[in-house]
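Each position in the sequence shown, counted from 1, maps to that position plus 483 in the numbering used here.
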Amino acid sequence: MKEAKEFLAECYNENPRLKKYPLSEWESALEKEKLQLSSFRGKYFFRLNKEFKGFQAGTVFGKNFFVPGYPSIPRIFVLKTGIKRYLEYPFYAEEKIEGYNIRLAKVEDEIFTFTRRGFVCPFAYDRYADFLPRLPEFFDRSPNVVVCAELAGPENPFVSEFPPQVKEDVCFFVFDFYDTEKGVFLAAEEKLKLLKEYDFPHPEIFGPLAPDKDYEKLRSLIFRYHREGREGLVFKTEGAGRRVKYVTPYSNLADLKVVFPYLGEVDPNFVSLRLIRLLLGIHEFPELKDEVMAEVGRYMFEEALKSLSLDQPSYEIFRLRFRDEANFLALLSHFKQTRVNIEVLEKRWEGSYLRVAIKKIYPRATQFWRSKLEGWGEVD
């Protein structure tokens, strides 16, 4: 704790973003474990694992950098009334990619890849150069801008769902730029310019749009995304304006399929909210009613039935590619730190990539189903 306090004082003296509050309040956050000292590749920094004084959980900082946590975006349940309630002209609609959030930022002489919770993701650190080769050039010109991206694809270490346009491996989809000096996301025009200039992969972007005039256009887009197996849309007004998201009926079905074998690992609201969104989705898209009603049982129960067993734990298998074995070892260390139970099934070099397969074992889901299969009851 002493060394952490000393480093915090050094950060406070050199990082002007921290001086909004007295050093004593940051020290109190450290003592209460809202603020935690972390490191990656010999560089030390702090991360907030809980909201503090208006700073989002996932905020990270060191002596010379400050990366705010990415804000949570509410989901609307009904497209037509939701966009009218929250948005005004002009706003933009972007494809919501099924993956996990990564913030790429310049930290001294390196580019770090921060997850939503503020950890450095060793997998994203290993692979970003494959998909964002001009990122170092971008940070040379804009060192105080954070690049926000979704890491998605069938070969990622965290999310078993993925967008249909990524058939193998993974991809980074850049969806935001955040100016840490001004404290705002870059405007859409500036963002589109940078995406094109640096040839960054990105989601589909539509706009500018108006809530009253463009509902039918957005409805058709959601219908197409449902048919294509895509997740949905994120709606963004300019700068610090409102943001909301809406997901397709397909996305809700896919979430139920993925999570049902692992009940016990997730908040019960995860299931109920998706069922509510699914119901309201077919209310707004009645042409999908028969299809969804016929499929919902299969999506919820088929995979779960296959996995029910007294002899085997609940688990998922993830296949990954690394350019540097040290980053794979760092990922295993991260899983150990965050108490994720991992078993390495396969590790081999294929060309310039280390191909690995890991099994994630879910003890709470195992106990959830095993207790019921063994005949135990509970009061409801």
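Idealized CB from N, CA, C, for every residue including glycine.
The model shown is predicted, which means the values in this text are computed figures rather than measured ones.
Remark: three or more beta-carbon pairs, one from each stretch, lie closer than 8 Å, so the segment 639-659 and the segment 704-721 are flagged as touching. When secondary structure is reduced to three states using DSSP, Y569 falls in the helix class. Remark: fewer than three beta-carbon pairs, one from each stretch, lie closer than 8 Å, so the segment 525-537 and the segment 692-705 are not flagged as touching.
For the 7 Å CB-CB criterion, R838 and K728 do not form a contact. In this structure, E633 keeps its C-beta atom at 7 Å or more from the C-beta atom of R802. Put simply, the segment 561-571 does not touch the segment 603-618. Fewer than three CB pairs are less than 8 Å apart. Exclusion of the five residues before and after T596 leaves I585, L587, V603, C604, A607, Y608 and Y611 as the residues of its chain whose Cβ lies within less than 7 Å of its Cβ. Along the length of the segment 632-689, whole alpha helix (DSSP H) runs at least 4 residues long occupy 671-680, reported in chain order. Around the beta carbon of W859, fewer than 16 other beta carbons lie within 10 angstroms, which makes this residue exposed.
As far as DSSP is concerned, Y698 takes part in no beta bridge. By the Cβ neighbour-count rule, D738 is buried, with 16 or more other Cβ atoms within 10 Å of its own. In the displayed model, I556 falls within coil according to three-state DSSP, outside both helix and strand. Taking the C-beta atoms as reference points, D652 is found nearer than 7 Å to G636.
Nearest neighbour of Q519 by Cα position, chosen from Y681, R600 and E778, turns out to be R600. C-alpha of S790 to C-alpha of T849: approximately 10 Å in a straight line.
Pairing V717 with K679, the inter-Cα distance amounts to about 20 Å.
Going by DSSP, I825 is part of the beta strand (DSSP E) stretching over N824 to E833. Cα atoms of K855 and E785: separation of roughly 18 Å, rounded to the nearest angstrom.
Separation of the CB atoms of N496 and F544 is rounded to 13 Å, and the pair is thereby denied contact status at 8 Å.
Here I580 carries a coil assignment [DSSP, helix/strand/coil].
T821 sits in coil when the DSSP states are folded into three classes, being neither helix nor strand. In this structure, the beta-carbon distance from Y583 to F641 falls below 7 Å.
7 Å or more divides the Cβ of F549 from the Cβ of R624. In the three-state reduction of the DSSP assignment, Y733 falls in the helix class, which pools H, G and I. Restricted to the segment 714-781, the alpha helix (DSSP H) segments that are unbroken, complete and at least 4 residues in length are 732-742 and 751-767, listed in chain order. Sequence-distant Cβ neighbours of E778 in its own chain, meaning closer than 7 Å and more than five residues away, are L736. Ranked by how close their Cα comes to the Cα of D662, the residues F655, F656 and A670 have A670 in first place.
For S854, the enclosing alpha helix (DSSP H) starts and ends at P846 to L856.
Short of 6 Å from the beta carbon of E826, and not among the five residues preceding or following it, lie these beta carbons of its own chain, in chain order: K842. For Y611, the three-state secondary structure derived from DSSP is helix. Setting aside the 5 residues that flank it on each side, G764 is surrounded in the same chain by P732, each with a C-beta closer than 6 Å to its C-beta; the list follows chain order.
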